[in-house]
Every structure is written in structure tokens, then in C-alpha cells.
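Visitor: The opening position of the sequence shown corresponds to residue 677 in the numbering used here, with each subsequent residue numbered one higher. Before anything else, here's the structure in question.
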Amino acid sequence: MRKVTPEDLIEKNNAINSVLHINSKRKEKPKAFVETYGCAQNENDSEMIKGMLEKMGYEFCNSYKDADFVLYNTCAVRENAELRVFGNLGALKGEKRERPDLMIAVCGCMMQQAHIRDEIKKKYKHVDIVFGTHALYKFPQLLEKALEGEKVVDAPDEETAICEDMTYVREGFPVAKIPIMYGCNNFCTYCIVPYVRGRERSRNHENILEEVRQVASEGYKEIMLLGTNVNSYGGDNGEMTFPKLLKEVAKVEGIERIRFMTSHPKDLSDELIDVIATEKKVCNQLHLPVQSGSDRILKLMNRKYTAEKYMEIVEKLRNKIPDISLTTDIIAGFPGETNEDFEETLKLLEKVRYDTIFSFIYSKRKGTPAAEMEDCLTEEEKHKNFDKMIELQNKISREINESYVGKTVEVLVEGESKTNPDILSGRCEQNKIVNFRGEKSLVGKIIKVKITEAKTWSLFGERTE
Ligand code: 5AD
Ligand code: SF4
């Protein structure tokens, strides 16, 4: 891993100033449109890139039609996200013909794959800048070159240490996403992430805590700590463990809630369970991806636990934290999965009774071990299993939500609901969406709401104070 040197920072800041200088000669501030695919980590990367764009004199808009600079921050986890990016890039071809000054950039996990970069070079010649996931702080230098008329492709395989000299344009007030580690060492056989995000590397805890204090001073109330596998935080420099870090974050005044994502079941320690149980600010909620309920498939996936072991963890969690809400990721149609294997997954769903699941149909990823494995089921059978799973889970989610009716929960108000401006939307400690009537001035506050109605995906209630 290469360290970020003082010279790197000087180059970055020089490039920022050069682009700012170019932009300051324009009559109006140039507009940037940034669209993000995939996970919270990617969203956080976009917030960092927007921080750099803002420093370079850009303001932001909501459509490529109004933009002088368009960026797609891409995801490589499943094929359909990749297809959408290619679709969007295709749509920009005509736009670029009409407005040759329009600057088009693509970055993120997809761009770490050589075959994707080749395809862009060949078929999407109107793209000006391509960069990957590893050295985002170099983006101003790429943009400077591109503004001078050069085509820039920069997706190095070399992992760079994390650059701390960054500002963010955050989305999602009053919740701040803060990365604590990057990369993944697990190599689950279906997953492209270790190839496109590199090996695990943790941020220094002092930098993390400084960022938490900063957002607290800006009025943020909730921290979402991000990492592909947060349980192994600190593992590569040994300074601090994840449970200890949680306790430190909890000491920061002004921060009322702490959540984190994602935990690998094989690394969930008793110490972490204790911190969730005893530390009031750490929410009683856990995303604990199981992926499959069949031991045979779990082995093929290289997940390093059995369904029984997973159930033991769930029992331990529920014993110590009775009101904990659990969510998971499930893949249907992994190569070699039979209908019998899938029945095991359905059985596990019935046993665990997750609050929500995030379910996916297996998508073949070039270069991963699973891409070479034999398939058993037809696409139609996979979809049938997938639908069966959704139907079962919807019933369970609804039943759990119905058990909330009549209860009063504390809601951190996030904003107006997407469909009706008279309705506010927020989340309770268990991370369920709670909608209710109220004034916008409540955004950012934690208030009590009595639940009056349950839906499959959300709760509805009335403010009680
Ligand atoms: N196909 C389908 N789903 C996948 N995931 C990761 N890789 C694939 C793939 N190749 C899912 C896993 C993971 C979530 C982020 O995406 O369930 O937990
Ligand atoms: Fe992919 Fe497994 Fe790493 Fe998650 S833990 S990012 S599923 S390899």
C-alpha cells in the first residue's frame, strides 16, 4: 500500500486551484451532476468527490441536461447496475455532440475492471475521464488535464493509503456516513468487491473521531460507520478494535445514535454484542448478511460459517438484546443451488424472522471463482424461488411491523416524505421508517411517535409530545 505523501497533497491542492482559476473566468458558476450507484460506501465517495468539486468552483444540479460536468460513480456488484451505467453513457452521446464542452466522467468499482475500461475506450469515446476507487484525491489533477483537452484514464491497481485532507458535501442530514475502513479480505466466491476495492485498510481512529466531532458540531445527530467488514476494523494496524471505536464515538457530545454496516457473521465478537447491548447510543439494530441457509451453498460461497453457527449468533444477540432488529442479504440462484438448498434458506428466514431482507438473484461476475461453477437451476426456477422468498419475507416483515402498533417509539426526523410534503419521515432505533404529520422544523430532532398503522415497509404514527 502506498502512503499519501505531502507532495501528493500539494499536487492535489495545486490542481484544485488551477481548476478553480479556469472556472472563475466563466460568466456563471459551472454546474456538476453526480449520480451514484451501489452501496453507502460509494455514496460516501461521491460526497468526497462533491467536496472537491465544490472547492473547484462548481455548484450542483439534478440533471445532466443542466450540467457542465457529469459524473457517474458506478457499482460492479451486479450486472444490472452496470447495464444502467452503459445505458446512461449511451444517452449522453447525443448531448456531447450538441455541447462539446460537456465534460463526462465515470468512476467507481466498475472502472477497476480492465474489460470495462476497454469497452468504454472502444464504444464510449465521448467519455473524457475514467478513474477507479483507489486514489480519489487525484481527481482534481485528472479534471485539470481533461479541461486542457486530454482524455484521461486512471484506474490504478495500486492501493493508496487513505487521504485525510478532504472535505465532504454530505447528503442525508441528520445522518452522517463516515468510512472507517476500505476494501475486503474475505473473497466470498460470488463477490467482485475484493477485486475492485482491494485489501482491507483501516482509517486511523483519531481521524475518524475528529470527523465525528466535526459533524456533531454541524448538528448531525446520527453516525453511520461504514466498511465492507467493520468487525475487522483496526485489524491491519492493530491500534484499536471496532467495539472500542464504537465506545469512543459514543463519547462525542451531540451524537445521539450510532449505526454501522456491514458485519460479517464469522467475525461478530461477544465484545461487540456487549457494546450494542450496553451502549445506549449504539442502536439495537444489526445488518448481518447470511446469504444462504444451506450449508452446502455457504461452503461454496466461502462464507466460513454454517446455518447452525449463524443461528447461534442470532440467539446470542436476541438473548442479550431482546428488541434488536435484524436484516440480511440473501442471494437466490447461486451456481449449484438446488430447490432443496433454497428450501433451507426459506426455513432460515422463518427461524430468524428478519425485519427486512435485501434479496438478489445471483449475477455472474467475471474473474470471481463462482463464475466458473456449474449451474443447476434454470433462470425461471431461480426467479420462482426468488418470488417465493419475497412473499414469505413480506408476510414476516408485516407481522413484525404490526407488533409495533400501539407502541411509542423515538424517531430521528430526517425530512419530508418522498410522496407527500405534509408528512415527515424518520427512523426509529430499529431503523424502521416511521411517517407522521408534523412541521419541517422537526427535522434533525428526536421525537416520540405513537404507531397507529403498520405497512410492509414502514410504520405510520402520531406525534405524542
Ligand atoms: N450476485 C448477486 N448478489 C451479490 N451480492 C454480492 N455479489 C453478488 C453477486 N455476484 C450481494 C450480497 C452482498 C450484497 C451487498 O450484494 O448479498 O451482501
Ligand atoms: Fe463481498 Fe464477502 Fe467481502 Fe462482503 S464480505 S464485500 S460479500 S467478499
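All C-beta atoms, glycine included, are put in the ideal place defined by N, C-alpha and C. Values in this document were obtained by computation on a predicted structure and should not be read as measured data.
So what's VAL1089 in DSSP terms, helix, strand or just coil?
Guide: DSSP places VAL1089 in strand when its eight states are reduced to three.
Visitor: Where PHE1112 and LYS1131 are concerned, what is the direct C-alpha to C-alpha distance, given to the nearest angstrom?
Guide: Cα to Cα, PHE1112 sits roughly 13 angstroms from LYS1131.
Visitor: Quick one: does the C-beta of ASP1051 sit closer than 6 angstroms to a heavy atom of the ligand 5AD?
Guide: ASP1051: no, Cβ never under 6 angstroms from the ligand 5AD.
Visitor: Could you give the first and the last residue of the continuous alpha helix (DSSP H) run that contains PRO728?
Guide: For clarity, residue 728 is Met in the given sequence; the question names Pro instead. Segment 716-731, the alpha helix (DSSP H) holding MET728.
Visitor: Verify the contact flag: ARG1041, CB atom, against every heavy atom of the ligand 5AD, threshold strictly below 6 angstroms.
Guide: True, at least one ligand heavy atom lies under 6 angstroms from that Cβ.
Visitor: Between the alpha carbons of GLU955 and HIS810, how many angstroms are there, rounded?
Guide: So the alpha carbons of these two residues sit roughly 34 angstroms apart.
Visitor: Considering only heavy atoms of the ligand 5AD, does any lie closer than 6 angstroms to the CB of ILE1007?
Guide: Yes, since a heavy atom of the ligand 5AD falls inside the 6 angstroms radius drawn around the Cβ of ILE1007.
Visitor: Under 7 angstroms between the Cβ atoms of PHE807 and ALA837?
Guide: Contact: no.
Visitor: Mark SER1073 as exposed unless 16 or more other C-beta atoms lie within 10 angstroms of its C-beta, in which case mark it buried.
Guide: Classification of SER1073: buried, given that the 10 Å Cβ count is 16 or more.
Visitor: Does the beta-carbon of ALA983 have 16 or more other beta-carbons within 10 angstroms, so that it is buried, or is it exposed?
Guide: Under this definition ALA983 is a buried residue.
Visitor: Could you check if VAL1028 belongs to the surroundings of the ligand 5AD, using beta carbon to heavy atom distance under 6 angstroms?
Guide: No - the ligand 5AD has no heavy atom lying nearer than 6 angstroms to the Cβ of VAL1028.
Visitor: Mind checking whether SER722 and VAL710 have CB atoms under 7 angstroms apart?
Guide: Their beta carbons are under 7 angstroms apart, which means SER722 touches VAL710 by this criterion.
Visitor: If you reduce the DSSP assignment to three classes, tell me which class HIS791 lands in.
Guide: Note: HIS791 maps to helix in three-state DSSP.
Visitor: When you compare the CB positions of SER1134 and ILE1109, do they come within less than 7 angstroms of one another, or not?
Guide: Yes, Cβ-Cβ distance for SER1134 and ILE1109 is below 7 angstroms.
Visitor: Shorter than 6 angstroms, the distance from the beta carbon of PRO870 to the closest heavy atom of the ligand 5AD, or not?
Guide: The answer is no for PRO870.
Visitor: With burial defined as no fewer than 16 other Cβ atoms inside 10 Å of the residue's Cβ, what is the status of MET677: buried or exposed?
Guide: So MET677 ends up on the exposed side.
Visitor: Buried or exposed for HIS881, please, with buried defined as at least 16 other CB atoms from any protein chain shown within 10 angstroms of its CB.
Guide: Buried: at least 16 other Cβ atoms inside 10 Å.
Visitor: For a test of the three-state rule: what should DSSP assign to HIS940, helix, strand or coil?
Guide: Of the three classes helix, strand and coil, the one that applies to HIS940 here is coil, per DSSP.
Visitor: Is it a yes or a no for the segment 758-770 touching the segment 742-749, going by three-plus beta-carbon pairs under 8 angstroms?
Guide: Verdict: yes, contact present.
Visitor: Sorted by chain position, which residues of the same chain lie with C-beta nearer than 6 angstroms to PHE918's C-beta, five sequence neighbours on each side aside?
Guide: Hits under 6 angstroms: VAL906, ASN907 and TYR909.
Visitor: Helix, strand or coil, according to DSSP, for ASN1111 in the structure here?
Guide: In this structure, ASN1111 counts as strand in the three-state DSSP scheme.
Visitor: Taking the DSSP output, what are the residues bridged to LEU902?
Guide: Its beta-bridge partners are PRO855 and MET937.
Visitor: Please state the DSSP three-state secondary structure of HIS881.
Guide: Reduced to three states, the DSSP call for HIS881 is helix.
Visitor: Which residue comes first and which comes last in the beta strand (DSSP E) that contains ASN1010?
Guide: The sequence shown places Phe at residue 1010, not Asn. Neither: PHE1010 is in no beta strand (DSSP E) and is coded neither H nor E.
Visitor: Hey, is PRO706 close to the ligand 5AD, as in C-beta under 6 angstroms from one of its heavy atoms?
Guide: No - the ligand 5AD has no heavy atom lying nearer than 6 angstroms to the Cβ of PRO706.
Visitor: Can you find a CB in chain D that lies within less than 7 angstroms of the CB of CYS959?
Guide: No chain D appears in the structure shown, which is made up of a single protein chain.
Visitor: Whole angstroms are fine: how far does the CA of PRO941 sit from the CA of PRO870?
Guide: Approximately 17 angstroms between the Cα atoms of the pair.
Visitor: Please classify SER893: does DSSP put it in a helix, a strand, or coil?
Guide: Helix.
Visitor: Start and end of the beta strand (DSSP E) containing ILE686?
Guide: No beta strand (DSSP E) contains ILE686, which is instead part of the alpha helix (DSSP H) from 682-700.
Visitor: Please return the same chain residues whose Cβ sits closer than 8 angstroms to the Cβ of GLN817, not counting the five positions on each side in sequence.
Guide: If we look at GLN817 and ignore the five residues flanking it on each side, its Cβ neighbours are GLU687, LYS688 and ALA691.
Visitor: Please indicate yes or no: does the CB of PRO965 lie closer than 6 angstroms to some heavy atom of the ligand 5AD?
Guide: PRO965: yes, Cβ under 6 angstroms from the ligand 5AD.
Visitor: By how many angstroms is the C-alpha of GLN788 removed from the C-alpha of GLU820?
Guide: Rounded to whole angstroms, GLU820 to GLN788 spans 21 angstroms at the Cα level.
Visitor: From the DSSP output, which residues share a beta bridge with CYS1104?
Guide: VAL1087.
Visitor: Between TYR866 and the ligand MN, is the CB less than 6 angstroms from at least one heavy atom?
Guide: The ligand MN is not part of the structure shown, which contains the ligand 5AD and the ligand SF4 as its ligands.
Visitor: Report whether the distance from the Cβ of TYR858 to the nearest heavy atom of the ligand 5AD is below 6 angstroms.
Guide: Not under cutoff, so the answer is no.
Visitor: Considering only DSSP beta bridges, list what LYS1126 is partnered with.
Guide: BP columns for LYS1126 point to THR1084 and GLU1138.
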